[in-house]
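Have a look at the structure below before the remarks.
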(Lines of atoms letter the chains of each structure in order from A; the text may use other names.)
(Lines give C-alpha, C1' and ligand atoms only; values in the text may rest on other atoms or scores of the structure.)
Protein backbone atom coordinates (compact mmCIF):
# COMPACT_ATOMS: atom_id res chain seq x y z
CA UNK A 355 0.00 0.00 0.00
CA UNK A 356 1.17 3.53 -0.71
CA UNK A 357 0.84 6.64 1.43
CA UNK A 358 1.02 9.05 -1.52
CA UNK A 359 -1.66 11.75 -1.65
CA UNK A 360 -3.32 12.67 -4.96
CA UNK A 361 -5.43 15.77 -5.55
CA UNK A 362 -8.39 15.31 -7.90
CA UNK A 363 -9.50 18.58 -9.50
CA UNK A 364 -12.68 18.03 -11.53
CA UNK A 365 -16.11 19.68 -11.40
CA UNK A 366 -17.82 16.53 -12.68
CA UNK A 367 -18.97 14.89 -9.43
CA UNK A 368 -19.48 11.49 -11.07
CA UNK A 369 -15.95 11.40 -12.51
CA UNK A 370 -14.45 12.79 -9.30
CA UNK A 371 -16.22 10.18 -7.17
CA UNK A 372 -15.10 7.41 -9.53
CA UNK A 373 -11.50 8.61 -9.36
CA UNK A 374 -11.59 8.93 -5.58
CA UNK A 375 -12.96 5.40 -5.18
CA UNK A 376 -10.38 4.02 -7.62
CA UNK A 377 -7.46 5.79 -5.92
CA UNK A 378 -8.51 4.91 -2.37
CA UNK A 379 -8.87 1.28 -3.41
CA UNK A 380 -5.24 1.42 -4.57
CA UNK A 381 -4.17 2.84 -1.20
CA UNK A 382 -3.74 6.51 -2.13
CA UNK A 383 -4.91 9.43 -0.02
CA UNK A 384 -7.24 11.76 -1.94
CA UNK A 385 -7.90 15.50 -1.88
CA UNK A 386 -10.82 16.97 -3.86
CA UNK A 387 -11.49 20.33 -5.52
CA UNK A 388 -14.45 21.14 -7.76
CA UNK A 389 -13.35 24.43 -9.32
CA UNK A 390 -10.13 26.14 -10.35
CA UNK A 391 -10.39 28.68 -7.56
CA UNK A 392 -11.02 25.98 -4.97
CA UNK A 393 -8.05 24.02 -6.31
CA UNK A 394 -5.65 26.94 -5.86
CA UNK A 395 -6.87 27.48 -2.28
CA UNK A 396 -6.63 23.76 -1.53
CA UNK A 397 -3.10 23.48 -2.88
CA UNK A 398 -1.92 26.54 -0.96
CA UNK A 399 -2.48 24.65 2.27
CA UNK A 400 -1.68 21.11 1.09
CA UNK A 401 1.20 19.51 -0.78
CA UNK A 402 -0.05 16.44 -2.67
CA UNK A 403 2.34 14.06 -4.38
CA UNK A 404 0.45 14.32 -7.68
CA UNK A 405 -2.49 16.23 -9.17
CA UNK A 406 -5.15 14.95 -11.59
CA UNK A 407 -6.40 18.09 -13.34
CA UNK A 408 -9.42 18.67 -15.55
CA UNK A 409 -9.25 21.69 -17.88
CA UNK A 410 -12.89 22.79 -18.15
CA UNK A 411 -13.40 24.12 -14.64
CA UNK A 412 -15.63 26.85 -13.20
CA UNK A 413 -13.71 29.82 -11.86
CA UNK A 414 -10.10 29.51 -12.89
CA UNK A 415 -9.46 27.25 -15.88
CA UNK A 416 -7.28 24.18 -15.64
CA UNK A 417 -4.57 26.02 -17.57
CA UNK A 418 -4.62 28.81 -14.97
CA UNK A 419 -4.42 26.30 -12.12
CA UNK A 420 -1.46 24.60 -13.82
CA UNK A 421 0.48 27.87 -13.76
CA UNK A 422 0.23 27.84 -9.95
CA UNK A 423 1.71 24.36 -9.63
CA UNK A 424 5.45 23.79 -9.45
CA UNK A 425 7.36 20.82 -8.15
CA UNK A 426 4.27 18.58 -8.26
CA UNK A 427 3.61 16.24 -11.20
CA UNK A 428 0.31 17.05 -12.91
CA UNK A 429 -1.59 14.63 -15.13
CA UNK A 430 -4.16 16.48 -17.22
CA UNK A 431 -7.43 14.61 -17.79
CA UNK A 432 -9.36 16.25 -20.61
CA UNK A 433 -11.78 15.54 -23.44
CA UNK A 434 -9.62 17.69 -25.71
CA UNK A 435 -7.85 15.26 -28.00
CA UNK A 436 -6.02 17.68 -30.31
CA UNK A 437 -2.25 17.41 -30.58
CA UNK A 438 -1.86 21.18 -30.23
CA UNK A 439 -3.75 21.13 -26.91
CA UNK A 440 -1.55 18.33 -25.60
CA UNK A 441 1.68 20.02 -26.70
CA UNK A 442 0.64 23.35 -25.15
CA UNK A 443 -0.21 21.73 -21.80
CA UNK A 444 2.97 19.66 -21.69
CA UNK A 445 5.07 22.72 -22.47
CA UNK A 446 3.05 24.63 -19.88
CA UNK A 447 4.13 22.31 -17.08
CA UNK A 448 1.96 19.19 -17.22
CA UNK A 449 3.84 15.93 -16.66
CA UNK A 450 1.37 13.86 -18.67
CA UNK A 451 -1.93 14.15 -20.59
CA UNK A 452 -4.68 11.57 -20.79
CA UNK A 453 -7.74 12.01 -23.00
CA UNK A 454 -11.22 11.31 -21.65
CA UNK A 455 -12.67 8.73 -21.68
CA UNK A 456 -9.66 6.80 -20.40
CA UNK A 457 -8.93 3.30 -19.22
CA UNK A 458 -8.47 3.28 -15.44
CA UNK A 459 -5.64 0.74 -15.73
CA UNK A 460 -3.74 3.12 -17.98
CA UNK A 461 -4.34 5.99 -15.58
CA UNK A 462 -3.05 3.98 -12.62
CA UNK A 463 0.03 2.99 -14.61
CA UNK A 464 0.78 6.61 -15.51
CA UNK A 465 0.31 7.67 -11.90
CA UNK A 466 2.72 4.96 -10.76
CA UNK A 467 5.33 6.10 -13.30
CA UNK A 468 5.13 9.72 -12.13
CA UNK A 469 5.33 8.83 -8.45
CA UNK A 470 8.20 6.42 -9.02
CA UNK A 471 10.12 9.08 -10.92
CA UNK A 472 9.49 11.62 -8.16
CA UNK A 473 10.51 9.20 -5.39
CA UNK A 474 13.72 8.23 -7.18
CA UNK A 475 14.98 11.78 -6.77
CA UNK A 476 15.13 11.34 -2.99
CA UNK A 477 15.59 14.48 -0.94
CA UNK A 478 18.24 15.83 -3.29
CA UNK A 479 17.50 17.05 -6.80
CA UNK A 480 20.22 15.75 -9.10
CA UNK A 481 21.49 16.25 -12.62
CA UNK A 482 24.71 14.49 -13.53
CA UNK A 483 27.34 15.45 -10.93
CA UNK A 484 25.21 18.36 -9.70
CA UNK A 485 23.03 18.10 -6.58
CA UNK A 486 20.62 20.61 -5.08
CA UNK A 487 19.44 20.34 -1.49
CA UNK A 488 16.08 22.19 -1.29
CA UNK A 489 15.94 22.01 2.51
CA UNK A 490 19.37 23.49 3.24
CA UNK A 491 19.40 25.55 0.03
CA UNK A 492 22.78 24.20 -1.05
CA UNK A 493 24.13 23.34 -4.49
CA UNK A 494 27.15 21.12 -5.01
CA UNK A 495 29.08 19.80 -7.99
CA UNK A 496 31.11 16.68 -7.25
CA UNK A 497 30.55 17.44 -3.58
CA UNK A 498 31.98 20.95 -3.81
CA UNK A 499 29.71 23.86 -2.88
CA UNK A 500 28.64 26.32 -5.58
CA UNK A 501 27.69 29.82 -4.43
CA UNK A 502 24.48 30.99 -6.08
CA UNK A 503 22.30 34.02 -5.57
CA UNK A 504 18.78 33.47 -4.29
CA UNK A 505 17.40 34.05 -7.79
CA UNK A 506 19.88 31.65 -9.41
CA UNK A 507 19.04 28.99 -6.82
CA UNK A 508 15.31 29.37 -7.50
CA UNK A 509 15.80 29.10 -11.27
CA UNK A 510 17.91 25.96 -10.92
CA UNK A 511 15.53 24.39 -8.44
CA UNK A 512 12.53 24.85 -10.72
CA UNK A 513 14.39 23.29 -13.66
CA UNK A 514 15.49 20.33 -11.53
CA UNK A 515 11.96 19.85 -10.18
CA UNK A 516 10.70 19.58 -13.78
CA UNK A 517 13.52 17.62 -15.44
CA UNK A 518 11.71 16.65 -18.64
CA UNK A 519 9.83 19.87 -19.27
CA UNK A 520 10.45 23.14 -21.04
CA UNK A 521 9.77 25.89 -18.50
CA UNK A 522 8.16 28.90 -20.17
CA UNK A 523 9.64 32.29 -19.24
CA UNK A 524 6.27 33.49 -17.95
CA UNK A 525 5.90 30.46 -15.66
CA UNK A 526 9.45 30.88 -14.40
CA UNK A 527 8.86 34.56 -13.64
CA UNK A 528 5.63 33.74 -11.79
CA UNK A 529 7.53 31.32 -9.55
CA UNK A 530 10.40 33.76 -9.02
CA UNK A 531 8.03 36.56 -8.06
CA UNK A 532 6.98 34.44 -5.08
CA UNK A 533 10.52 33.66 -3.93
CA UNK A 534 12.75 36.57 -4.95
CA UNK A 535 11.93 40.17 -5.86
CA UNK A 536 14.97 40.99 -7.99
CA UNK A 537 14.09 39.14 -11.19
CA UNK A 538 11.98 40.68 -13.95
CA UNK A 539 11.64 39.74 -17.60
CA UNK A 540 14.40 42.12 -18.69
CA UNK A 541 16.90 40.60 -16.24
CA UNK A 542 15.92 36.91 -16.47
CA UNK A 543 18.35 36.21 -19.31
CA UNK A 544 21.21 37.73 -17.28
CA UNK A 545 20.39 35.61 -14.23
CA UNK A 546 20.25 32.43 -16.33
CA UNK A 547 23.51 33.36 -18.09
CA UNK A 548 25.28 33.88 -14.75
CA UNK A 549 23.88 30.60 -13.43
CA UNK A 550 25.05 28.67 -16.49
CA UNK A 551 28.53 30.20 -16.17
CA UNK A 552 28.86 29.32 -12.47
CA UNK A 553 27.78 25.73 -13.06
CA UNK A 554 30.09 25.38 -16.04
CA UNK A 555 33.06 26.77 -14.09
CA UNK A 556 32.25 24.38 -11.23
CA UNK A 557 32.54 21.44 -13.62
CA UNK A 558 28.87 20.60 -14.16
CA UNK A 559 29.03 21.29 -17.91
CA UNK A 560 26.16 22.81 -19.85
CA UNK A 561 23.24 22.17 -17.52
CA UNK A 562 20.66 24.58 -18.96
CA UNK A 563 19.45 24.91 -22.54
CA UNK A 564 17.50 27.84 -23.95
CA UNK A 565 14.46 26.88 -26.02
CA UNK A 566 14.00 29.67 -28.53
CA UNK A 567 10.78 31.61 -28.13
CA UNK A 568 9.61 29.58 -25.13
CA UNK A 569 11.98 29.40 -22.17
CA UNK A 570 14.53 27.00 -20.69
CA UNK A 571 15.04 23.31 -19.97
CA UNK A 572 17.63 21.01 -18.45
CA UNK A 573 20.18 19.76 -20.96
CA UNK A 574 20.40 16.06 -21.66
CA UNK A 575 22.74 14.64 -19.01
CA UNK A 576 24.81 13.04 -21.76
CA UNK A 577 25.57 16.55 -23.08
CA UNK A 578 26.46 18.07 -19.72
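Numbering (my numbering), first residue to last: 355 to 578.
By construction, the Cβ of each residue, glycine as well, lies at the ideal position given by its N, Cα and C atoms.
| Query | Result |
| --- | --- |
| Cut-off 7 Å between Cβ atoms - residues of its own chain near residue 520, not counting five sequence neighbours on either side | 445, 565, 568, 569, 571 |
| Counterpart residues of residue 569 in DSSP-defined beta bridges | 522, 565 |
| Rounded separation between residue 467 and residue 429 - CA only | 11 Å |
| Touch test, the stretch 381 to 400 against the stretch 437 to 444, Cβ-Cβ under 8 Å, three pairs minimum | no |
| Environment of residue 552 [buried if 16+ CB atoms lie within 10 Å] | buried |
| Beta-carbon proximity list for residue 367, same chain, < 8 Å, skipping 5 on both sides | 388 |
| Inter-stretch contact (C-beta, 8 Å, three-pair minimum) for the stretch 485 to 502 and the stretch 552 to 561 | yes |
| Counted within 10 angstroms of its Cβ, other Cβ atoms place residue 381 as buried (16 or more) or exposed | exposed |
| With 16 other Cβ atoms within 10 Å as the buried cut-off, status of residue 371 | exposed |
| Chain-order list of residues whose beta-carbon lies under 6 Å from that of residue 462 (same chain, five-residue window excluded) | none |
| Bounding residues of the alpha helix (DSSP H) (the contiguous stretch that carries residue 437) | 437 to 445 |
| Residue burial classification, residue 458 (beta-carbon count within 10 angstroms, cutoff 16) | exposed |
| Simplified DSSP state of residue 355, which is helix, strand or coil | Because residue 355 carries a pLDDT of 38, less than 50, the predicted location of this residue cannot be relied on, and no value is offered for it. |
| Within 7 Å, strictly: CB atoms of residue 363 and residue 403 | no |
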